[in-house]
Amino acid sequence: MITADRLHSVQEYYFSKKLREVRELMNQGKPIINMGIGSPDLAPSPKVLETLRDSIMDTGAHQYQSYQGLPQLREAIADFYKQKFDVSVNPNTEVLPLMGSKEGIMHISMAFLNVGDEVLLPNPGYPTYASVTNLVGGVPRTYDLTLENGWFPDLQELSKQDLSKVKLMWVSYPHMPTGATATKEQLKTLVDFALKHEILLVNDNPYSFVLSNNPTSILSIEGAKDCTLELNSLSKTFNMAGWRVGMVLGKEEHINAVLKVKSNMDSGMFYGIQKGAVAALQSGPEWFEALDKVYTQRRELMFQLVERLGCTYDKNAVGMFVWCKLPEGAAPSEEFIDQVLYDKDIFIAPGTIFGSNGEGYIRFSLCVKEEKIKEAIERFI
Numbered sequence: 001m002i003t004a005d006r007l008h009s010v011q012e013y014y015f016s017k018k019l020r021e022v023r024e025l026m027n028q029g030k031p032i033i034n035m036g037i038g039s040p041d042l043a044p045s046p047k048v049l050e051t052l053r054d055s056i057m058d059t060g061a062h063q064y065q066s067y068q069g070l071p072q073l074r075e076a077i078a079d080f081y082k083q084k085f086d087v088s089v090n091p092n093t094e095v096l097p098l099m100g101s102k103e104g105i106m107h108i109s110m111a112f113l114n115v116g117d118e119v120l121l122p123n124p125g126y127p128t129y130a131s132v133t134n135l136v137g138g139v140p141r142t143y144d145l146t147l148e149n150g151w152f153p154d155l156q157e158l159s160k161q162d163l164s165k166v167k168l169m170w171v172s173y174p175h176m177p178t179g180a181t182a183t184k185e186q187l188k189t190l191v192d193f194a195l196k197h198e199i200l201l202v203n204d205n206p207y208s209f210v211l212s213n214n215p216t217s218i219l220s221i222e223g224a225k226d227c228t229l230e231l232n233s234l235s236k237t238f239n240m241a242g243w244r245v246g247m248v249l250g251k252e253e254h255i256n257a258v259l260k261v262k263s264n265m266d267s268g269m270f271y272g273i274q275k276g277a278v279a280a281l282q283s284g285p286e287w288f289e290a291l292d293k294v295y296t297q298r299r300e301l302m303f304q305l306v307e308r309l310g311c312t313y314d315k316n317a318v319g320m321f322v323w324c325k326l327p328e329g330a331a332p333s334e335e336f337i338d339q340v341l342y343d344k345d346i347f348i349a350p351g352t353i354f355g356s357n358g359e360g361y362i363r364f365s366l367c368v369k370e371e372k373i374k375e376a377i378e379r380f381i
């Protein structure tokens, strides 16, 4: 049986392939410390777990759920956005819960892209933007992000190009993988750019509440709803990666287009998970303070490890990663991380998996317990 032609446009996800290699080393008895994956190792709050447990006895808990999610969940998302970002959205028409924001990348692309439509993608950036674009027949068109420009696009240079075929533009602030943030003024330039060129702008925003003193949503910019969607997730903020709870917010017309795709692909999120998500979104400030305390302690240790490797980094970056520039004369990124993997039994992500502008960089995850980071440091003594 011959597979569909669209599969020729994508490759197996790097981490899927590389982790098989890492697991094989572990099976051989190697004491591998995995610092490559951003999968939170901490638990959700007790309140969230209690809510999930209690909800499974509710009437109708095990039936099909609404494609649009529970009204209480949409309201909790709207309240969260108002409280944390000062963004007002209508929970009935401008919010759509998702089974993880990653599925939203596919839903949005299917809803708005025709074959041959061009899509602006960050380089470096989340690889799924490009793979999904290829799967739906879009044409990936990367724009450069560099350290010198603060990992923000040169919109003046982009505006000089022919953008007539561009339908979507993906951005991610706070940025993954670099941890760079964007000011309100910079976000406004993105919105103005999208309005001028009639491009649907999508901000992927799952890292706002990890080591960030100024959580920001692009929907707080005046006029943003007319041309912008925002994806968000409970995975990082609430340690619920395996629960697969995300959301997309924006103009009713745009949300309805996404819903038209989503409603043909699933039958709604499990009731108990939705109830747990409501409890998470209602968490008080102590939750965020405790989370940041853990990640701050881990990051300080990780900085020590990074310095042992001779790398440089931005101590003001946010999110659950440390993005590092390799020292002058170092091997290429993928060769460098393999040397560390086989010499020191430590797995780090090479910057190249996020695009060609990731060459010369590596990325450490903070989803590693303190004692393991200390052990990794000792391996370089």
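UniProt numbering puts the first residue of the sequence shown at 1, with every later residue one more than the last. For every residue, glycine included, the Cβ atom is placed at its ideal position computed from N, Cα and C. Just so we're clear, the structure is a prediction, and the values are computed from it rather than from any experiment.
Problem set entry | Lys369 burial status per 10 Å Cβ neighbour count (16 or more: buried) | For this step, residue 369 is matched to residue 369 along the sequence shown. That one is exposed.
Problem set entry | CA-to-CA distance, Asn205 to Pro124, given in whole angstroms | Within the sequence shown, the letter at position 124 stands for residue 124. Within the sequence shown, the letter at position 205 stands for residue 205. Going from the Cα of Pro124 to the Cα of Asn205 covers about 16 Å.
Problem set entry | Straight-line gap, Ile221 to Lys184 (C-alpha atoms, nearest Å) | Working through the sequence shown from its first residue, we reach residue 221 at position 221. Working through the sequence shown from its first residue, we reach residue 184 at position 184. Whole-angstrom Cα-Cα distance: 7 Å.
Exercise. Between which two residues does the alpha helix (DSSP H) harbouring Gly272 extend?
Worked result: Within the sequence shown, the letter at position 272 stands for residue 272. Start and end: 271-281.
Exercise. Touching or not, the stretch 32-42 and the stretch 227-241, by the rule of three or more beta carbon pairs under 8 Å?
Worked result: yes
For this session: Quick one: residues in its chain with C-beta nearer than 8 Å to the C-beta of residue 383, no 5 flanking neighbours on either side, listed in chain order?
Result: In the structure as shown, the chain starts at 1 and stops at 381, and residue 383 therefore has no counterpart that could be examined.
Problem set entry | Heavy atom of the ligand SAM within 7 Å of Gly223 beta-carbon | In terms of ligand content, the structure shown is empty, and the ligand SAM therefore cannot be addressed.
Problem set entry | Exposure of Glu148, with buried meaning 16 or more beta-carbon neighbours within 10 Å | For this step, residue 148 is matched to residue 148 along the sequence shown. So Glu148 ends up on the exposed side.
For this session: Could you give the DSSP three-state label for Leu19: helix, strand or coil?
Result: Mapped onto the sequence shown, residue 19 falls at position 19. Residue state, collapsed to three classes: helix.
Exercise. Alpha carbon to alpha carbon, what distance is there between Cys324 and Met146?
Worked result: Position 146 of the sequence shown, counted from the first residue, corresponds to residue 146. Position 324 of the sequence shown, counted from the first residue, corresponds to residue 324. A small fix is needed here, since residue 146 is Thr in this sequence, not Met. Their Cα atoms are separated by approximately 13 Å.
Exercise. In three-state terms, what does DSSP make of Ala349?
Worked result: Against the sequence shown, residue 349 aligns to sequence position 349. Strand at Ala349.
Problem set entry | Straight-line gap, Glu328 to Gly138 (C-alpha atoms, nearest Å) | Translated into the one-based positions of the sequence shown, residue 328 becomes position 328. Translated into the one-based positions of the sequence shown, residue 138 becomes position 138. Straight-line Cα distance between these residues: approximately 38 Å.
For this session: Measure the C-alpha to C-alpha separation of Val171 and Tyr14 and round it to an integer number of angstroms.
Result: The residue labelled residue 171 in the question sits at position 171 within the sequence shown. The residue labelled residue 14 in the question sits at position 14 within the sequence shown. Near 21 Å, if we compare the C-alpha coordinates of Tyr14 and Val171.
Problem set entry | Start and end residues, alpha helix (DSSP H) containing Met302 | Counting from 1 along the sequence shown, the entry for residue 302 is found at position 302. Met302 -> alpha helix (DSSP H) spans 285-308.
Exercise. Over what stretch of residues does the alpha helix (DSSP H) that includes Leu341 continue unbroken?
Worked result: Taking the first residue of the sequence shown as position 1, residue 341 is located at position 341. Residues 333-344.
Problem set entry | Sequence ranges, beta strand (DSSP E) only - wholly within the stretch 200-241, length at least 3 | 200-204, 228-233
Problem set entry | Selected residue, minimal CA-CA separation from Thr178, among Phe380, Gly358, Ile373 | In the sequence shown, residue 178 corresponds to position 178, counting from 1. Answer by Cα proximity: Gly358.
Problem set entry | Candidates Thr312, Gly360, Leu281: closest to Ala76 by CA position | Numbered from 1 along the sequence shown, position 76 holds the residue referred to as residue 76. Ala76 has its Cα closest to that of Leu281, out of Thr312, Gly360, Leu281.
Problem set entry | Status (buried if at least 16 other CB within 10 Å, exposed otherwise) for Arg363 | Numbered from its first residue, the sequence shown carries residue 363 at position 363. Answer is buried; the Cβ neighbour count reaches 16.
Exercise. Do Lys225 and Leu219 have their CB atoms nearer than 8 Å?
Worked result: Walking along the sequence shown from the start, residue 225 turns up at place 225. Walking along the sequence shown from the start, residue 219 turns up at place 219. A contact, by the Cβ cut-off of 8 Å.
Exercise. Between Leu259 and Leu73, which are expected to be in contact by the criterion C-beta below 8 Å, what is the C-beta distance as a whole number of angstroms?
Worked result: Indexing the sequence shown from 1 puts residue 259 at position 259. Indexing the sequence shown from 1 puts residue 73 at position 73. In fact, because the Cβ distance is near 15 Å, the residues do not count as touching under 8 Å.
Problem set entry | Continuous alpha helix (DSSP H) assignments of at least 4 residues falling wholly in the stretch 101-152 | 101-112, 127-135
Exercise. From what residue to what residue does the beta strand (DSSP E) around Ile362 run?
Worked result: On the sequence shown, residue 362 is found 362 positions in, with the first residue counted as 1. Where Ile362 is concerned, the enclosing beta strand (DSSP E) stretches over 361-365.
Exercise. Do you know how far the Cα of Lys372 is from the Cα of Lys47?
Worked result: For the purposes of this step, residue 47 is identified with residue 47 of the sequence shown, where counting begins at 1. For the purposes of this step, residue 372 is identified with residue 372 of the sequence shown, where counting begins at 1. Looking at the two C-alpha atoms, the distance is approximately 28 Å.
Exercise. To which residues does DSSP link Val261 through a beta bridge?
Worked result: Position 261 of the sequence shown, counting from 1, holds the residue named residue 261. Partner(s): none; Val261 has no beta bridge.
Problem set entry | Spatially closest choice to Ala331 from Met320, Gly351, Glu157, by CA coordinates | Position 331 of the sequence shown, counted from the first residue, corresponds to residue 331. The shortest Cα separation from Ala331 among Met320, Gly351, Glu157 belongs to Gly351.
Problem set entry | CA-to-CA distance, Phe347 to Gln11, given in whole angstroms | Within the sequence shown, numbered from 1, the residue matching residue 11 stands at position 11. Within the sequence shown, numbered from 1, the residue matching residue 347 stands at position 347. Each residue's Cα considered, the two are about 21 Å apart.
Exercise. Where do the N-terminal and C-terminal ends of the beta strand (DSSP E) with residue 403 fall, by residue?
Worked result: Given that the chain is displayed from residue 1 to residue 381, the structure contains no residue 403 and the question cannot be resolved.
Exercise. Residue range of the beta strand (DSSP E) that Phe321 falls in?
Worked result: Here the question's residue 321 lines up with position 321 in the sequence shown. Unbroken beta strand (DSSP E) run through Phe321: 321-325.
For this session: Return the bridge partner residues of Val171 from the DSSP annotation.
Result: Within the sequence shown, residue 171 is the residue found at index 171, counting from 1. Beta-bridge pairing links Val171 to Asn203.
Exercise. What did DSSP end up calling Ala247 once you bin it into helix, strand or coil?
Worked result: If you number the sequence shown from 1, residue 247 lands on position 247. Reading off the sequence shown, one finds Met at residue 247, where the question assumed Ala. Here Met247 sits in strand by DSSP.
For this session: Starting from Glu375, follow the alpha helix (DSSP H) in both directions and report where the run begins and ends.
Result: Within the sequence shown, the letter at position 375 stands for residue 375. Segment 370-378, the alpha helix (DSSP H) holding Glu375.
Problem set entry | Range of the contiguous alpha helix (DSSP H) that encloses Ile77 | Taking the first residue of the sequence shown as position 1, residue 77 is located at position 77. 71-85 is the span of the alpha helix (DSSP H), which, as asked, contains Ile77.
Exercise. Under 8 Å between the Cβ atoms of Val168 and Val119?
Worked result: Indexing the sequence shown from 1 puts residue 168 at position 168. Indexing the sequence shown from 1 puts residue 119 at position 119. Residue identity check: residue 168 is Leu in the sequence provided, not Val. Taking 8 Å as the Cβ cut-off, Leu168 and Val119 qualify as a contacting pair.
Exercise. Going by the beta-carbon positions, is the gap between Pro215 and Phe85 smaller than 8 Å?
Worked result: Indexing the sequence shown from 1 puts residue 215 at position 215. Indexing the sequence shown from 1 puts residue 85 at position 85. For Pro215 and Phe85, yes; Cβs fall inside 8 Å.
Exercise. CB-CB under 6 Å to His107, same chain, minus the five flanking residues each way: which ones, in chain order?
Worked result: Counting from one through the sequence shown, the residue named residue 107 turns up at place 107. Val258, Val261, Lys262, listed in sequence order.
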